[in-house]
Structures are given as C-alpha cells and as structure tokens.
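**Q** So the sequence shown is numbered by the numbering used here: it starts at 875 and just counts up by one. Cβ coordinates follow ideal geometry from the N, Cα and C atoms, glycine included. Source: prediction; values computed, not measured. Supplied in structure tokens, the structure appears directly below.
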Amino acid sequence: MKIRLAGGVVASDLCVWVPRSSGPARVVDESAMPPGAAVALGPAAATDEEVRCAVAELTRLVKAGGVVAAGAGVDLGSGFRSARLAGARGDQRDAVLAALRVLGVEDTHRLGDRAGFLVALFGPAVTKRVGAAAEEAIREGRWAAVHLASAASDVLGPEQVERVLELRAPEGVDLTPAGPPSALAQHLRQVLEPVTRPRRPALILDLWERVLEHHAGLARRERRLATQSRRDRVDDLRARRRHDDDELILWRLRAWLGDQEPSLADAARWVPPDDYWYDLFGRLLQDALAATALLRTAVAVADHGFDEGLARSAPVIRAAHAQPYRVEGRTRPVPGLAGLPARPGVYIRDIDRRLTGDRPRDTTLEAYVRARLARARDYALAIIETAERLFAESTAFRRETLRPWARADLRSWREGAGYGSARPPDEWGGIPPWTGPLLGDEEQLFRRLAAAPEASPADVEVVGDLLWYAELIDALAALYGHDAARATPGTGAPWFDHDPPPPEPEPLSPRLDSIRLAVSSAAQLVALGGTPPKGVRTWTDFTTGLMAATAITEALTGEFAVPAALAALDGTIVPGTGARFRVARNARTLAEWSDYMGNCIAGPYYRDNAQAGWCVLAGLYDKDGILLLNAELSPRRPAVRGWQVTEIAARFNATPEWTLERRFRDWVATLPGVIAATAEEPQDESPPEPSGRRRPRPRLVEEVGPALETLAERAWRDGVDAEVIGVFAALARTPPDAALVRLRRMGPDQLADACRRALDDGAVDLDRLWAATGVRPLRTAIESPDPALRQHVDRLAPLLGDPPFPKSLHRLVKRPAIADAHALDLMARRTRRAIGLLASRDDAVIARAVSRRATEPLLCALTVTITCRSPAIALTPVAPPRTVTVPGHPATDLSDENGPWQHALPIARELGADTEAFWDRIAEHGLRVPASWLGPGGWTALWSRARRPAPRRRMGE
C-alpha cells in the first residue's frame, strides 16, 4: 500500500496512523482523509503499544503547534515520525517553524540533523552565524524575528538575515500573528525582487519599526484608558452638577429676598447680577484646570508607573489646587444622586493634601489616588458640556460683564502646568466665536506674542484666550492615545474632537496591523500595476510610490458578470455551516477582501476572469460578519452541469477548516448550471435581428436618469423645507448646507452621540427628529407611478439601502438632484438606526422623551425594537409571554394586520431590529419596554399619552 505524503513523498514501506476517539486507526485509503491531515509514520511491524505512544505524541504536537507542525517530521519515538498527507499547503519552513515553537531549542534534535532544519528555514545559503543567531532568537522566544527572517531569506543574503534575526519586540507583541512564513515569503519576493539588493534590508527593518510604532500606539491607548473606570458616570455627574448649580442659585435668591424662601414668581422676577456670571465662569475655569490636572496625572501614571507618574504630576496638581476660585463642590451626599463630588477640585484638593502630608506612599495611597484618577474622563466630558452651554448662553449678551474675568492672567497655573507641545501659545488664535466677544478689541494671543517677542507667554496670556479650554480637550485626547485633539472648524462646539476616528482607509491602502498585512497589501499593489519607486529608504515612502500608479485606480473599477443563479444566492446561509455566502460583484469588493485576508484575490488574474464571466469569486462570512475564506467558483464543462470550487483558502492562504470546506464544496456542486436561454426578456412582434449580433443591454443611467432626476427634484421641493434641514443641521452643529456632509462622515457611535447631545441640549425634540427622518425624497421618487421608472424599480432598489452600489447606480447617484435626495434618505435611515441604538442602550434622553410623550407609531416602533433586541438593560413586561393582546385604552392586538404593531415592524427594522425574531421574543418574554420609560400609571399612562392626537407637521411619518 502506497500513501502519498506532503512534499511529493510516497511512503511505500511504511504505514501511517491517525488518532481516533477509539484509539489509533491505520490509514488504508488516503482519499477518505482530509488533505494534509497529520499522521504518525512508522514501521508496519510496530506493536500496538508503540503505535499508541506515537499517536499520543502526535496528538500533543498538533494540539500545541497545529496540524502544520506535523509536517516537520518530528521524532515521535519507536521509529515513528510525524508527517502530513498529500494536499498540505505551504512548504517545509512552515512546518519546521511551527514545530520549533513547540519543541524549543532543547528538543531540536527531534527534527533530525541541525543543518537540515536550518536549510528548511533559511535556504541552502545558510551560514553558521545565521544558525547561531536563529538559536539565540528561538531561545529568547523572539518568534516574530525568526518568522520574518525565514520569509525574507528568499530576498536577503545571509548577513542581512542576521540583522533581521537580531530584531526585538516588546513582550506580548506579535508582529506576525497569523499565516505561514511561506505566504509571507511569496509576497516579499513579489514586492522586493524589483528592488536592488542593498536597499531591501533597509525597507524590511523600517517596516518592522513602523509596525512596532503602530502597536505601541494601540498599547499606549489601552494602557491609559485602563486608568479610568469602566462604568460611565457622566450622566450621574450631570445631575450632581445641575443640583449643585441649582443650590447656588437658590442661595442667591434667598439672599436677595432676605433669607425668605423664594416662590416661583420670585424666581421669575429675579435677574442674575453681574457677579453671578463672573462667579459662574470662575468655577468653570477652576473645574477645567482641575480636570486637566487629573487627566495629565492619569496619563503620567499609565506611562511611567504610579510613583514616577505622581512625582511628575505633583506641580500640576499643586497649580490646580492653588487657583483662586475655591468653590470646589460639596461632598455631602444628596438623596437620589450619586455620591461623586460635583466638581473635580475636591479630588485635586484631596490628592494634594495626601502628597504634601507625612503619610507613607504605600499601596493605600496608591488605591486612594487611583480611585480619584479613575473619574478624570467623566469630569472632563461633563465640564466640556458645561463650557459649551455657558458660552452659548452668555458671551453673546454679557460681553462687558465677562471682560474682567476674561482679562485675568493664568500665571499661577502656568508655573506648575506649563504649556503643552501640541498647542504652542505663539500659534494659538483662539476660538473666534467665543474669544472674539470675550477679548473685544484685544488681538489674538499669537499676535500679541509676536508684538512682544521679549515677553513670556504666561505674562501675555489671559483667560479669555481660552487656550486652557483647548488644553483640557488635548489632555482628554492624550488619555485616548492621541497627541492632541483634532480641530473640527465649522462644526460647532466644542470645536475639537478628543477621540477622532481614523480616516476610512481606501481599499488596498497600506496597513500596519502586522508585518504580514503590510507586505500582502504592498504585494497586491504590485500585482495591480504599482511600480516600486526608486531611491526611497522608508516603507511609508515605498508604499506611497506604489499607490501613486494610475493602474491602481483603474483596477478598482469595473463590474463582474455574475450569473443570475449565483447572484440570487448572494447572502444565503450555506447549509450545515452557519456561514453566509457572498458574491463579489466588482473589483472594489475584491480589494476589501484582499486587504483583510492578505491574499491575491484582487490581482489581475482573478479580476479579469471575473469581469469576463469565466469564474465567480465568493467569500464566506461567519455570524459576526468576519470573512472566513475566499473561493473561486468555475462552471463545469459543459456549463449546464453546474459549478465547482477550483480554489479555496482561508486568511493568509491557510487551509480552511476541513468540515466547512467539505460542506461548502458539496453545496456548490448542487448549484444549477448556466443554461443558454433564447431570450431573457419577453419577445415582441418585431422582426428578428440579424444573427451574430446581440441586442444592446439597456443603459440604466441614460434611460432612467432624466426621469428620476425630475421626480427627485419634485419630491425635494414638496417634502423638504427649512424645518427638515434645520433638524439635521442641529445634529451636525453646522450650517444647513454642510449638515449632510458632516453627518455622513460620522460612524454609528458618533451619530448616536450627536443625536443624544441634540436631544439633551433641546436643539431638537424626539418628535421633530422622528418626523424629519421620515422625509425620503429619493424613495418618493423611485416609488412614484411614473412609467419611465416602473420597469426599473428592482434595479433601483439598492439606492434605498446603504452603499456601495453597482457602477451603473453609482453613476446615477452622482447627478446633482439625485445626489441630494440620496444623501437625505441615507442620513434619515442612519439617524433612525442611531435612535434605535440609544433606545437599546437605555439612554436617558430617549427615556425622558418617551415618558413625556411619544407618538403612537414611534412608541410602537421603539417597543418592537426593544423586544426584538432584548438588550441587557432593566426591562418591564407590557404583555405576558405568548399573549397577543396589549393592555391600554384602547387595547391592541399584536397580530392585527391593520393594527399599530404590524405597521411598526418595517419601522423597527429601520431602527436596527431583527423583526424575524419578534414572535420568538413574544413567546419567550412577552412584549417589553425599558423600565425607565414608565412613570406613574405605568404602561397604561404611557400608551394613553401616545394615543393623543399629535400636532400637525409637514414632515414625514
């Protein structure tokens, strides 16, 4: 019996065994085994005990190093060695490296001759110096360096490989986390072979440094954020600070009335004196400086350890404690409110007293300080909101009142805190909408400093410059791992973003998550026509030169010819796997897949074949939306026989999980083949066209564009007014003409936060927001009964979803009138998803709005969303399980096709609910709402309020 093994070896005089639950099993038919399966290779005359021991050792090897480690030929004892059946991917270096991770330096003898496995790792030109450097790296556990050196040995000389083997990474950081070195070697050859040999090591070493920097930034962010409490207390702080402010106002009212208890009429007649505003802004300044000190201390402790970080921060803490405004917030408990101090100055005072006292600096002090630093972020966010409100309310009409406050200096603060490098005072121009009214005729800070070059910045700076406010947001940004907050001019307060999202990367743009991803993306650029630039020495310049090729842009365009039978299966679940089948319809999808998978699926070979219709390229996604594998599907011959999987690979071209691959292949084999049809469209009575000529395919843009543009303009004119655009402008905090652009750049969490802030500030109410998001001019245009659109409704339907679109629709949506209508439709849908997200998080702004009054459609849609999502919040049953009758006046029926609950299902889908689970949730838990929505009278009162006639509006639903 001959058994074919990996690497073209045929075991003719030996036998192979595999582990089974019942014990070792001898392989007699390799076709019944998964390709590349791990086996124990040994003499046929071996005893049962020797076989059991060898297979047990093989099991331990595979469990520790994966099935790939078996291909290294590891000694299993009693004349047995590990091996893999034919069909294994990769080469011998993959197996040797995987086995070395398990064996270590001490057991390398089990791999056979030392020179043999060194040649497998580094090629036949390996030297003793390379072997010694590799042994040292393996002993020290520097596997990323060994991995990279093995892969790079194809393009580097022995001395250059030595330099790679000397590389070091911080403990716990793996720069080559997945994939075999053979795949990395293939990509390195593709990228660096056009580069001269002397330049190659510089590029590889610089790539190592760039990836290290990326990981250091991620670790820095995680380390700094770990100093903060996981529990968000901003809402609690808002309530606590609001109560503290109310108490101060009541105190002033009583003083004004001669210690009498004020009535509502007294409060209405009272006009705050100038010193009230002066005091209010004085407390704001002290709060901001105290929060800045807490943030800087938290960052220093995270970066340098507790003792050194606290010592570095002592001057800042003292400077914050020494500020003249001593209203720090009372610490006595208030019934119903959180026990946190209203103002961070209390924590600064406590920490400063502990540092200046004679108490020992032990673990008790550390726990005491860390507990106070853990609230730095919450205080900063609350104070930034307070600053926005105060400046918006006061600077426009109390300029003269605030001038004395604005002209005060900050010398005592600057003596301890200094200036940050991120925002030098000689470059600071202020925040014009705020600093202008505060400073009056004063020049901006950088102009005043330029006019007095001998003066110290602390002698020239005043409070009204508001540099301290920007530094507060900078300190918050530092906590999130950024060098500084990013300015967002024209977007409204707070004018700076403390945690700006990274720009959305273009497909195939260089990535630095790992060395493997960086090299594979560069290899993809080369495959698409990118030319390695000359004379560059850094990896960034190298990949920038590759991206500059015009061939890259051209390669990302073009639609694929996908047969209707496979297109109809796009998004379906592959039976028995739980994985979702996706078809690539254009080159941009391939670029996104390649960017994540680290493969060459976006290369010219696959792209050109897919455009020509010779194959279909697909991906399988798990339930969490993670891409598991890519596959090439080709028609059998003849095509009517169906389809077959001609190529399949997991991430970094690894072998997919065997059961998943087998079931996917079996499913593909059942798909219908391509049947040549005489015509796909109804035949008319016109004479047949001459043979050999195809009827031209209707061009969507030319046929539909003018009519759709006219209808979109009409729908916009009839449904969109200043009220609708004003709502989106309030969300974006921009002028109306920039609102949709600004909102479209926001991610889901950012948009949800914008909705929360707008609702909390009173800029819009939930009823107005809901009505505005119901205005859909593009949907109105597409669903119109116009004959020019009726036959194209199915092809236009993707415009009512999220991009990306097919190329024809992308061209269509670029027409101005259609583009405006599409932008409004898109942001309306995304805003509704943001409302659903806030409701599922039990956000206070939704709870307040719903409990006060919500319209019946809105209340039903939100209730269905909560019921379907079953979020981990406090929920109260409205109707018991397996009950369709919902109590209230009047009572309603969940199953009534014409009732409010069935009408709410499509709206709940817009809110992000999976309504297919609705009846399962009703059967399990019943209809439920958050407990925070219910006040006195419970659901009955809430439902009655929702049933009241709503004021007439011109907007949407």
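Do you know whose CA, among Pro1407, Gly1812, Pro1331 and Gly1304, lies nearest Gln1318's CA?
**A** Numbered from 1 along the sequence shown, position 444 holds the residue referred to as residue 1318. Taking only the C-alpha atoms, the option nearest Gln1318 is Gly1304.
**Q** Report yes or no: do the stretch 998-1018 and the stretch 1026-1033 share at least 3 C-beta pairs separated by less than 8 angstroms?
**A** Result yes; three or more Cβ-Cβ pairs closer than 8 angstroms.
**Q** Relative to the C-alpha of Ala1435, which candidate in Val1548, Asp1788 and Leu1399 has its C-alpha closest?
**A** Counting from one through the sequence shown, the residue named residue 1435 turns up at place 561. With distances taken between Cα atoms, Ala1435 lies closest to Val1548.
**Q** Nearest by alpha-carbon distance to Glu1040: which of Ala1059, Gly1773, Glu1014 and His1061 is it?
**A** By 1-based counting over the sequence shown, the position of residue 1040 is 166. Among Ala1059, Gly1773, Glu1014 and His1061, the Cα nearest to that of Glu1040 belongs to Glu1014.
**Q** Counting along the chain, where does the beta strand (DSSP E) carrying Ala1483 start and finish?
**A** Within the sequence shown, the letter at position 609 stands for residue 1483. In the sequence as presented, Ala is not what sits at residue 1483; that position holds Asn. That residue, Asn1483, is in no beta strand (DSSP E); its alpha helix (DSSP H) goes Pro1478 to Ala1486.
**Q** Of all the options Ser1508, Tyr1495 and Arg1515, which has the alpha carbon lying nearest to the alpha carbon of Leu1534?
**A** The sequence position of residue 1534 within the sequence shown is 660, counting from 1. Out of Ser1508, Tyr1495 and Arg1515, Tyr1495 has the C-alpha closest to the C-alpha of Leu1534.
**Q** Grab me the residues of Pro1384's own chain with a C-beta within less than 7 angstroms of its C-beta, minus the 5 sequence neighbours each way, in chain order.
**A** As a first step, residue 1384 must be located in the sequence shown, where it is residue number 510. Here the set comprises Ala1392, Ser1395, Ala1396 and Thr1417.
**Q** Following the continuous alpha helix (DSSP H) through Cys1629, name the residue where it begins and the one where it ends.
**A** Residue 1629 sits at position 755 when you count from the first residue of the sequence shown. Counting along the chain, the alpha helix (DSSP H) containing Cys1629 begins and ends at Pro1622 to Asp1635.
**Q** Work out the CA separation of Ala1753 and Leu1058 for me, nearest whole Å.
**A** Taking the sequence shown and counting its residues from 1, the one referred to as residue 1058 is at position 184. Taking the sequence shown and counting its residues from 1, the one referred to as residue 1753 is at position 879. Cα to Cα, Leu1058 sits roughly 58 angstroms from Ala1753.
**Q** Please classify Arg1822 as buried or exposed, where buried requires at least 16 neighbouring CB atoms within 10 angstroms.
**A** Within the sequence shown, the letter at position 948 stands for residue 1822. With fewer than 16 Cβ atoms within 10 Å of its Cβ, Arg1822 is classed as exposed.
**Q** Using beta-carbon positions only, say whether Val1598 and Ala1646 come within less than 7 angstroms of one another.
**A** As a working note, residue 1598 is residue 724 in the sequence shown. As a working note, residue 1646 is residue 772 in the sequence shown. It is a contact, given that the beta carbons lie within the stated cut-off.
**Q** Between which two residues does the beta strand (DSSP E) containing Glu1521 stretch?
**A** The residue labelled residue 1521 in the question sits at position 647 within the sequence shown. First-last of the beta strand (DSSP E) with Glu1521: Trp1517 to Ala1524.
**Q** What ranges does the beta strand (DSSP E) occupy inside the stretch 1775-1811, keeping only unbroken runs of at least 3 residues that lie completely in it?
**A** Here the runs fully enclosed are 1801-1804.
**Q** Output the boundary residues of the alpha helix (DSSP H) element that contains Trp1369.
**A** Locating residue 1369 in the sequence shown gives position 495, where the first residue counts as 1. First-last for Trp1369: undefined, no H or E at that position.
**Q** Give me the residue from Leu1022, Glu1301 and Pro1375 with the minimum Cα distance to Arg1322.
**A** Counted from its first residue, the sequence shown places residue 1322 at position 448. Checked all of Leu1022, Glu1301 and Pro1375; the closest Cα to Arg1322 is Glu1301.
**Q** How many whole angstroms separate the CB atoms of Val936 and Ala973, which I take to be in contact at a CB cut-off of 8 angstroms?
**A** The residue given as residue 936 occupies position 62 in the sequence shown. The residue given as residue 973 occupies position 99 in the sequence shown. Between Ala973 and Val936 the Cβ distance is about 10 angstroms, and since that is not below 8 angstroms, they are no contact.
**Q** How long is the line joining the alpha carbons of Ser1725 and Val1719, rounded to whole angstroms?
**A** To locate residue 1725, count along the sequence shown from 1; it is residue 851. To locate residue 1719, count along the sequence shown from 1; it is residue 845. Taking the straight line from one Cα to the other gives about 10 angstroms.
**Q** Between Pro1580 and Leu1698, what straight-line distance do the alpha-carbon atoms span, to the nearest angstrom?
**A** Position 706 of the sequence shown, counted from the first residue, corresponds to residue 1580. Position 824 of the sequence shown, counted from the first residue, corresponds to residue 1698. Roughly 20 angstroms separates the two Cα atoms.
**Q** Apply the 10 Å Cβ neighbour rule to Tyr1253 and answer buried if 16 or more other Cβ atoms are within range, or exposed otherwise.
**A** For the purposes of this step, residue 1253 is taken as residue 379 along the sequence shown, with counting starting at 1. Its Cβ being crowded by 16 or more others within 10 Å, Tyr1253 is buried.
**Q** Find out if the Cβ-Cβ distance for the pair Leu1077, Trp1413 is shorter than 7 angstroms.
**A** For the purposes of this step, residue 1077 is taken as the residue at position 203 of the sequence shown. For the purposes of this step, residue 1413 is taken as the residue at position 539 of the sequence shown. Cβ atoms of Leu1077 and Trp1413: closer than 7 angstroms.
**Q** Tell me which same chain residues have a C-beta within less than 6 angstroms of the C-beta of Trp1807, skipping the five on either side of it?
**A** Reading the sequence shown from its first residue, position 933 is the one you call residue 1807. For Trp1807, where only same-chain residues beyond five positions count, the Cβ hits under 6 angstroms are Ala1721, Val1724 and Ser1725.
**Q** Tell me which residues share the same chain as Leu1049 and place their Cβ nearer than 8 angstroms to its Cβ, disregarding the 5 neighbours each side in the sequence.
**A** The sequence position of residue 1049 within the sequence shown is 175, counting from 1. Closer than 8 angstroms at Cβ, skipping near neighbours: Ala1018, Leu1022, Ala1043, Trp1082, Val1085, Leu1086, His1089, Ser1388 and Ile1389.
**Q** Apart from the five residues on each side of it in sequence, which residues of its chain come closer than 6 angstroms, Cβ to Cβ, to Glu1563?
**A** Along the sequence shown, read from residue 1 onward, the residue named residue 1563 stands at position 689. Per-residue confidence for Glu1563 stands at a pLDDT of 46, beneath the threshold of 50, marking its modelled position as unreliable; no derived number is given.
**Q** What is the DSSP secondary structure of Asn1504, reduced to helix, strand or coil?
**A** Position 630 of the sequence shown, counted from the start, is the residue given in the question as residue 1504. Three-state result, Asn1504: strand.
**Q** Are the CB atoms of Leu995 and Val970 within a distance shorter than 7 angstroms?
**A** Position 96 of the sequence shown holds residue 970. Position 121 of the sequence shown holds residue 995. In contact: Val970 and Leu995 (Cβ atoms closer than 7 angstroms).
**Q** Determine which residues share a DSSP beta bridge with Val1457 and list them.
**A** Start at 1 with the first residue of the sequence shown, and residue 1457 comes out as number 583. Ala1492.
**Q** Could you pull the start and end residues of the alpha helix (DSSP H) that Cys1474 belongs to?
**A** Taking the first residue of the sequence shown as position 1, residue 1474 is located at position 600. Element bounds for Cys1474: n/a, residue is neither H nor E.
**Q** Quick check: the stretch 955-962 against the stretch 927-947, are at least 3 beta-carbon pairs closer than 8 angstroms?
**A** Enough Cβ pairs lie closer than 8 angstroms, so yes.
**Q** Within 8 angstroms, do at least three Cβ pairs link the stretch 1470-1481 to the stretch 1514-1527?
**A** A contact exists between the stretch 1514-1527 and the stretch 1470-1481.
**Q** Taking buried to mean at least 16 other C-beta atoms within 10 Å of its own C-beta, is Arg1170 buried or exposed?
**A** Here residue 1170 refers to the residue found at position 296 when the sequence shown is read from its first residue. Classification of Arg1170: buried, given that the 10 Å Cβ count is 16 or more.
**Q** In three-state terms, what does DSSP make of Leu1402?
**A** Indexing the sequence shown from 1 puts residue 1402 at position 528. Looking at Leu1402 - three-state DSSP - the assignment turns out to be coil, as it is neither helix nor strand.
**Q** Closest to Asp1595 by CA distance: which of Asp1627, Pro1327 and Ala1695 is it?
**A** Numbered from 1 along the sequence shown, position 721 holds the residue referred to as residue 1595. Closest option to Asp1595, Cα to Cα, is Ala1695.
**Q** Between which two residues does the beta strand (DSSP E) containing Ser1056 stretch?
**A** Along the sequence shown, one-based indexing puts residue 1056 at 182. Note, Ser1056: premise wrong, no beta strand (DSSP E); alpha helix (DSSP H) at Pro1055 to Leu1066.
**Q** Out of curiosity, what's the CA-to-CA distance linking Glu1730 and Ala1586?
**A** Stepping through the sequence shown from its first residue, residue 1730 is reached at position 856. Stepping through the sequence shown from its first residue, residue 1586 is reached at position 712. Straight-line Cα distance between these residues: approximately 29 angstroms.
**Q** Could you tell me which of Tyr1354, Arg1703 and Pro1659 sits nearest to Asp1676, measuring between CA atoms?
**A** Looking up residue 1676 in the sequence shown gives position 802. Out of Tyr1354, Arg1703 and Pro1659, Arg1703 has the C-alpha closest to the C-alpha of Asp1676.
**Q** Quick check on DSSP: helix, strand or coil for Thr1759?
**A** Residue mapping note: residue 1759 aligns to position 885 of the sequence shown, counting from 1. Thr1759: strand per DSSP, three-state reduction.
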